[in-house]
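Have a look at the structure below, then the notes.
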Amino acid sequence: MSAWLPVARDGTFWFPSQGSTNAAPADWVFYFILGISAFFFLLIVGVMTFFVLRYRRRRGVPAQATAHHNMALELTWTFIPLGLVGAIFYFGFVVFLDQRVQPNSPYEILVTGRKWSWSFTYSNGVTDRDLHVPLDTDVRLVMSSDDVIHSLFIPAFRVKYDLVPGRITKLWFRATREGQYPLLCAEYCGTEHSNMSATVHVHRPGEFEKWLNDASNRVLQMSPRDLGARLYVTKGCASCHSVDGKAGWGPSFRNIFGRQHVVREDGREIQVLVDENYLRESILDPQKKVVVGPYSAVMPTYQGRIKDQEINGLIEYIKSLKDAP
Amino acid sequence: MQSVAGVNYLNHGKGFRSWAFTLDHKRIAIMYGVAIVAAFFLGGVMSLLIRTELLAPKTPETFPIGNIMKPDTYNRVFTLHGAIMIFLFVIPGIPAIFGNFALPLMLGARDVAFPRLNLLSFHLYAVGTVFFVLTMLFGSLDTGWTFYTPYSTTTHTNVILATLGGFVLGFSSILTGLNFIVTIHKLRPPGMTWFKLPLFVWALYATSIIQLLATPVLGITLLLLIAERALGVGIFDPQLGGDPVLYQHFFWFYSHPAVYIMILPAMGVQSELISVFSRKHIFGYRFIAYSSVAIALLGFFVWGHHMFVSGQGTLASMIFSALTFSVSIPSAIKVFNWLATMYKGSISLETPMCYALSFIFLFGIGGLTGLFLGALATDVHLHDTYFVVAHFHYVMFGGVMIAFLGALHYWWPKMTGRMYSETWGRIAALLLFVAFNLTFFPQFVLGTRGNPRRYYDYAPLKELQPLHILSSVGAFLLLAAFTIMLGYLLHSLFRGRKAPANPWGGNTLEWKCASPPPPHNFETPPPVGDPYDFSHLEFDEAREEYVERSRTGEACTA
Chain Z
1 MSAWLPVARD
11 GTFWFPSQGS
21 TNAAPADWVF
31 YFILGISAFF
41 FLLIVGVMTF
51 FVLRYRRRRG
61 VPAQATAHHN
71 MALELTWTFI
81 PLGLVGAIFY
91 FGFVVFLDQR
101 VQPNSPYEIL
111 VTGRKWSWSF
121 TYSNGVTDRD
131 LHVPLDTDVR
141 LVMSSDDVIH
151 SLFIPAFRVK
161 YDLVPGRITK
171 LWFRATREGQ
181 YPLLCAEYCG
191 TEHSNMSATV
201 HVHRPGEFEK
211 WLNDASNRVL
221 QMSPRDLGAR
231 LYVTKGCASC
241 HSVDGKAGWG
251 PSFRNIFGRQ
261 HVVREDGREI
271 QVLVDENYLR
281 ESILDPQKKV
291 VVGPYSAVMP
301 TYQGRIKDQE
311 INGLIEYIKS
321 LKDAP
Chain V
326 MQSVAGVNYL
336 NHGKGFRSWA
346 FTLDHKRIAI
356 MYGVAIVAAF
366 FLGGVMSLLI
376 RTELLAPKTP
386 ETFPIGNIMK
396 PDTYNRVFTL
406 HGAIMIFLFV
416 IPGIPAIFGN
426 FALPLMLGAR
436 DVAFPRLNLL
446 SFHLYAVGTV
456 FFVLTMLFGS
466 LDTGWTFYTP
476 YSTTTHTNVI
486 LATLGGFVLG
496 FSSILTGLNF
506 IVTIHKLRPP
516 GMTWFKLPLF
526 VWALYATSII
536 QLLATPVLGI
546 TLLLLIAERA
556 LGVGIFDPQL
566 GGDPVLYQHF
576 FWFYSHPAVY
586 IMILPAMGVQ
596 SELISVFSRK
606 HIFGYRFIAY
616 SSVAIALLGF
626 FVWGHHMFVS
636 GQGTLASMIF
646 SALTFSVSIP
656 SAIKVFNWLA
666 TMYKGSISLE
676 TPMCYALSFI
686 FLFGIGGLTG
696 LFLGALATDV
706 HLHDTYFVVA
716 HFHYVMFGGV
726 MIAFLGALHY
736 WWPKMTGRMY
746 SETWGRIAAL
756 LLFVAFNLTF
766 FPQFVLGTRG
776 NPRRYYDYAP
786 LKELQPLHIL
796 SSVGAFLLLA
806 AFTIMLGYLL
816 HSLFRGRKAP
826 ANPWGGNTLE
836 WKCASPPPPH
846 NFETPPPVGD
856 PYDFSHLEFD
866 EAREEYVERS
876 RTGEACTA
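Given below as structure tokens:
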């Protein structure tokens with residue numbers, strides 16, 4: 001049984017294992033409601049089954065006359081449930097309040113959601129597609145969306161909050177267990193909604209700072225091509241453009257540099273050479289010249305969200321994706 | 326009581342026009358029935374496609390089962406499943422078919438107050454359905470049935486056609502509600518005071534209030550959405566100066582009360598079935614009647630519980646959570662009263678009663694799991710996961726659909742004039758019950774384990790595959806149950822035993838006219854009594870129906 005059900009991997013029958021300070025109280029509220037619900041469900045179904053068996057129809061035995069109403073009974077089964085749901089509301093509310101009231105001086109990470117990837121920007125300017133956080137530290141995510149509504153959901157932490165275009169939303173947590181956890185998008189956002197996932201890495205004290213420094217150094221010391229390879233992942237290019245020649249939502253980057261492409265500009269089909277300037281334009285204004293083919297013109301503009309050095313890096317990376325002649 | 330022997334509403338007039346332009350509430354009910362069941366079939370096919378696709382996560386090592394469509398197709402299929410089931414099946418279902426058929430009969434009336442308006446409602450329903458079918462043919466729809474902005478204002482699918490369909494269907498719903506309210510106010514026979522109304526009528530009354538007050542908000546919201554999409558008027562899109570959360574407020578201001586448009590008529594059916602098949606006066610009549618109205622009113626103040634993690638303020642969330650719990654109380658009162666009705670009764674498990682008992686079990690789970698979603702701390706984790714999907718299927722399918730089938734089997738003899746096979750009826754009800762739980766119970770665990778809804782792929786959570794497989798197997802067993810039902814109901818139509826006037830021993834007025842009823846229902850208004858007093862009805866073995874003890878042999882079928 002346990003090999004078959006998901007309990008085998010980690011956590012309980014109901015939940016993945018608890019990874020944040022918020023998880024234990026939230027789960028406690030769940031089990032509190034579960035206890036009350038199970039009691040009333042068994043009571044209702046038990047009484048129903050008993051009545052069906054005890055008072056099943058028998059030839060010549062009519063129904064017995066009983067009272068048509070009973071005010072005391074009605075008030076009892078109005079006010080006992082009312083008291084219980086009052087308690088459920090209260091516990092649900094106080095635990096929620098702890099989740100929503102922001103802690104003093106947390107470590108802040110900027111989060112951007114877009115179709116269909118995440119990027120997490122840290123205090124030293126490093127941007128990564130995964131979320132890295134220190135253990136036992138209050139972390140606040142300051143979140144915004146580039147396009148439609150997304151929702152950041154970390155099941156192990158029992159936290160979730162929407163990323164709404166046009167406003168900033170916040171979410172905080174304090175991780176309690178080292179390890180890696182899935183981070184998912186919970187608000188439907190289109191084609192690759194179910195692939196808009198990332199990994200949360202919870203690092204031991206000291207390890208997080210080390211990761212952050214290394215990541216920063218890697219970026220500073222990178223060759224333009226390596227920087228481009230990294231941006232290809234962190235900026236979300238990878239969700240639509242493959243590097244192995246397979247067509248995705250956009251054309252593959254393999255062997256794309258130096259080719260002639262038929263594109264549509266202002267409704268006219270023209271031929272362009274895929275060179276540095278075309279690539280630069282396609283990053284900054286992707287809808288201007290849309291390549292003709294089995295693709296969707298869904299790419300957001302990167303105008304104002306990418307530095308020149310980074311564009312050059314991406315171009316160098318795309319140039320490098322050329323099979324040897 | 327009928328003037329010409331053998332003439333009933335079904336054989337009175339032949340040909341397409343005699344149906345399509347009929348003013349007879351009973352024929353309109355039958356037409357709704359055919360259209361709504363067809364819509365259910367279409368929505369059901371979509372659900373089987375979804376469950377097939379979810380047999381396996383898309384990981385390299387998985388056996389390539391279940392990979393039958395691309396993500397874009399999947400998104401269209403689940404959107405159409407939701408939109409068709411909600412707008413074309415669950416919302417109109419019980420009121421449009423069984424309300425239309427039974428309400429005038431229960432009042433001893435010849436028709437609803439505005440028969441022409443009633444026909445217009447049906448024609449609008451048909452037009453709305455055509456819009457949905459056109460949407461499927463031209464560009465389809467991939468927004469989810471909720472049309473959340475800014476996704477819905479930027480997607481390339483045909484949002485405008487679908488929202489126009491929703492707009493037209495809204496008017497169908499509003500006009501039916503208006504018609505029922507006036508009918509209940511003005512067409513009650515002398516002696517039928519408010520507290521002598523059948524509880525199904527009370528439920529329809531409460532439902533109609535919501536239809537009349539909430540549906541216009543949906544209409545306005547959909548028009549605003551069209552204005553933004555077609556004309557670029559910035560209402561919801563932040564790039565145009567709008568607010569996407571505002572859309573959610575507007576949408577749920579209708580769509581949460583709409584949940585009660587769906588469930589209240591089901592509860593009304595439930596009150597009739599429990600009482601009739603227990604041969605017992607309904608317990609706590611006034612509490613059940615008032616609780617319908619309480620649900621209708623309180624249901625207007627809880628919409629924000631769909632938005633606890635949407636960016637809505639914490640204070641607003643707190644208030645909406647508290648109000649949400651208040652609406653659970655009237656539902657609990659109804660369940661307790663149904664149980665008390667069964668106490669010391671004479672309970673028989675004919676097919677409609679099997680569905681009524683099923684309802685208590687399944688709606689019990691559906692209602693109680695709502696507590697997890699109304700509580701703020703637990704909703705944060707469960708929101709937009711399969712837990713929500715399981716919860717509302719337990720309410721919509723386990724509640725509304727099961728009561729719909731209870732009503733279908735209860736009024737079938739009256740509507741068609743034929744009996745169906747009790748044995749097969751019970752087998753289908755049992756199979757449906759088992760298959761339903763197999764399909765949807767695992768989805769609660771999928772939700773608590775963190776599987777978001779509307780997921781084409783669950784590769785990051787691939788250890789959950791066994792639960793998805795259980796759910797898919799259940800879905801195909803549901804198909805089997807519905808196939809059995811289709812079989813014995815078709816058999817009943819053509820070969821079934823002729824139905825007597827009162828096969829179940831109901832004391833509401835529809836059982837006092839022939840099965841099927843004559844075109845104008847009653848020549849003279851039937852005498853009005855207590856709808857839940859069964860003491861004068863007894864079963865006549867020879868005629869296989871219930872007759873009045875004092876006047877045995879001269880019941881109104883003669």
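Protein chains in written order, with the numbering used here: chain Z, 1 to 325; chain V, 326 to 883.
Think of the CB as a built atom: it goes at the ideal place given N, C-alpha and C, for glycine as much as any other residue.
- The shortest CA-to-CA distance from V:Ala715 to any of V:Phe766, V:Ala702, V:Ile727, V:Leu701 is the one to V:Phe766.
- By the CB criterion at 9 Å, Z:Val85 and V:Ser653 fall inside the cutoff.
- In this structure, the beta-carbon distance from V:Val720 to V:Gly636 does not fall below 9 Å.
- For Z:Leu171, the uninterrupted beta strand (DSSP E) run begins and ends at 169-174, by DSSP.
- Look at V:Met517: its C-beta is not under 9 Å from any C-beta on chain Z.
- In the DSSP assignment, the residues bridged to Z:Leu184 are Z:Phe153.
- For Z:Gly113, no alpha helix (DSSP H) encloses it; the enclosing beta strand (DSSP E) starts and ends at 107-114.
- Residue nearest to V:Pro541 within the set V:Met667, V:Phe492, V:Gly469 is V:Phe492 (criterion: CA-CA distance).
- In the pairwise beta carbon analysis, the region 801-814 of chain V is classified as not touching the region 204-224 of chain Z: fewer than three pairs are separated by under 8 Å.
- Excluding sequence positions up to five before and after Z:Asp275, its CB lies within less than 8 Å of the CB of Phe257, Gly258, all in the same chain and listed in chain order.
- Interface flag for V:Ile588 against chain Z is unset, since no Cβ pair is found closer than 9 Å.
- Taking C-beta atoms as the reference points, V:Val634 and V:Val705 count as a pair closer than 9 Å.
- Residues of the region 35-57 of chain Z whose Cβ lies closer than 8 Å to any Cβ of chain V, in chain order: Ile36, Ser37, Phe40, Phe41, Ile44, Val45, Val47, Met48, Phe51, Val52, Tyr55, Arg56, Arg57.
- Our two residues, V:Glu835 and V:Leu640, have alpha carbons roughly 50 Å apart in a direct line.
- Bridge pairing for Z:Val272: Z:His261 [DSSP].
- Look at Z:Ser197: its C-beta is under 9 Å from a C-beta on chain V.
- A direct Cα-Cα distance of roughly 49 Å separates V:Pro785 from V:Trp527.
- Chain V has a Cβ within less than 9 Å of the Cβ of Z:Ser296.
- Contact of Z:Ala238 with chain V by beta-carbon distance below 9 Å is absent, the smallest such distance being about 15 Å.
- Judged by DSSP secondary structure, V:Leu547 falls within the alpha helix (DSSP H) whose first and last residues are 524-556.
- Contact annotation: V:Ile361 and V:Ile422 have beta-carbon atoms nearer than 9 Å.
- Taking one beta carbon from each stretch, the region 419-438 of chain V and the region 343-356 of chain V have 3 or more pairs nearer than 8 Å; the two touch.
- Around V:Ser646, the beta-carbon contacts reaching into chain Z at under 9 Å are Phe89, Gly92, Phe93, Phe96.
- Interface residue (Cβ-Cβ distance to chain V less than 9 Å): Z:Ser216 is not classified as such.
- Beyond the five residues adjoining it in sequence on each side, V:Gly821 comes within less than 7 Å, by CB distance, of Arg743, Met744, Tyr745 in the same chain, given in chain order.
- Residues of chain Z whose Cβ lies closer than 7 Å to the Cβ of V:Thr377 do not exist; the shortest such Cβ separation is about 16 Å.
- Within chain Z, the residues whose beta carbon sits less than 7 Å from that of V:Gly636 are Asp162, Val164, Arg167, Thr169, listed in sequence order.
- Assignment of beta strand (DSSP E) within the region 48-119 of chain Z, counting only whole runs of 3 or more residues, yields 107-114 in chain order.
- Leaving aside the five residues that flank Z:Val233 on each side, the residues in its chain whose CB is nearer than 8 Å to its CB run, in chain order, Arg129.
- Shortest Cα-Cα distance from Z:Leu184 to any of Z:Arg174, Z:Glu209, Z:Arg54, Z:Ala198 involves Z:Ala198.
- Here V:Asn662 is buried: its Cβ has 16 or more other Cβ atoms, across all protein chains shown, within 10 Å.
- Just so you know, the alpha carbons of V:Leu432 and Z:Leu152 end up roughly 54 Å apart.
- In terms of Cβ geometry, Z:Pro300 and Z:Arg114 form a close pair [threshold 9 Å].
- In this structure, V:Pro475 lies away from Z:Arg167, with their beta-carbon atoms at least 9 Å apart.
- Beta-bridge partners assigned by DSSP to Z:Thr127: Z:Thr121.
- Put simply, the backbone Cα of Z:Pro62 is about 38 Å away from that of Z:Gly83.
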